[in-house]
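Below is one structure, written out as structure tokens; the observations come after it.
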Amino acid sequence: MQFEQQAQEDLYARVATYLRQAFGELAEPLEDETAFRLALGRVPLLITVDANGPERASVLMMRRLAIGLPITPDLATFLLRKNQEVPFGALMLDDEQNIVFRHILLGESVNKEALFMLVRLLACYADEIEDELNMRFR
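Here the sequence shown is numbered in this note's numbering, starting from 9 and rising by one per residue.
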């Protein structure tokens with residue numbers, strides 16, 4: 009795996025330790041990537057450690073929701089309104105037109121408790137939002 013700078017490598021090591029301590033084997037490092045797959049909730053979360061400029065790094069947590077759901081104007085409106093309700097993170101479309109729920113933590117704010125809490129909350133909210141998407145738009 010190739011790191012872009014030292015802050016990313018340091019944050020990756022911290023995140024790996026925290027995930028292993030909190031989730032054990034549920035957190036699987038992805039080969040040749042600065043990311044982990046976390047089997048929490050119905051669909052695994054992807055947790056990526058990214059470089060941000062020459063001296064900073066961040067953690068991106070994301071999960072796809074209701075894969076393959078056709079994007080309609082009603083669905084887009086629902087996603088915009090749902091973004092107002094969730095206390096953190098954002099709902100959006102990825103490059104493949106899949107709905108994703110994601111949240112970014114700046115490297116300086118990453119500690120074991122914050123990472124654990126946000127991962128659990130993201131997985132919980134993602135499952136709830138996915139249920140609502142499937143009920144309303146499938």
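Where is the CB? At the ideal position from N, CA and C, for every residue including glycine.
Note that the coordinates shown come from a computational prediction; the quantities given were computed from them, not determined experimentally.
Could you tell me the boundaries of the alpha helix (DSSP H) in which residue i lies?
i: leucine 46; result: Looking at the DSSP string, leucine 46 is not in any alpha helix (DSSP H); the run it does join, the beta strand (DSSP E), is 43 to 46.
i: isoleucine 137; result: 120 to 145
i: phenylalanine 31; result: 14 to 31
Have a look at the DSSP bridge pairing and note the partners of residue i.
i: threonine 147; result: Beyond the ends of the chain as shown, which are 9 and 146, falls residue 147; an answer cannot be given.
i: proline 37; result: Phe44
i: methionine 9; result: In the DSSP output, where bridge partners are listed per residue, methionine 9 has none listed.
i: arginine 110; result: Met70 and Ala98
Which residue marks the beginning of the beta strand (DSSP E) containing residue i, and which one marks its end?
i: proline 95; result: Counting along the chain, proline 95 falls outside any beta strand (DSSP E), and DSSP gives it neither H nor E.
i: leucine 77; result: Neither: leucine 77 is in no beta strand (DSSP E) and is coded neither H nor E.
For residue i, count the other beta carbons within 10 Å of its own beta carbon; 16 or more makes it buried, fewer makes it exposed. Which is it?
i: serine 117; result: exposed
i: methionine 69; result: buried
i: glutamate 138; result: buried
i: glutamine 6; result: Residue 6 lies beyond the residue range present for the chain, which begins at 9 and ends at 146; the question has no answer from this structure.
i: phenylalanine 96; result: exposed
i: threonine 80; result: exposed
i: leucine 101; result: exposed
i: leucine 130; result: buried
i: valine 27; result: The sequence given here has leucine at residue 27, not valine. Answer is buried; the Cβ neighbour count reaches 16.
i: leucine 38; result: exposed
i: glycine 76; result: exposed
What is the DSSP secondary structure of residue i, reduced to helix, strand or coil?
i: alanine 86; result: It is worth fixing the name first, because residue 86 is phenylalanine in this sequence and not alanine. Helix.
i: glycine 115; result: helix
i: proline 62; result: coil
- Message: Any contact between the region 88 to 95 and the region 118 to 125? By contact I mean 3 or more CB pairs, one from each, below 8 Å.
- Response: no
- Query: Is the region 69 to 80 in contact with the region 18 to 25, if contact means three or more CB pairs nearer than 8 Å?
  - Reply: no
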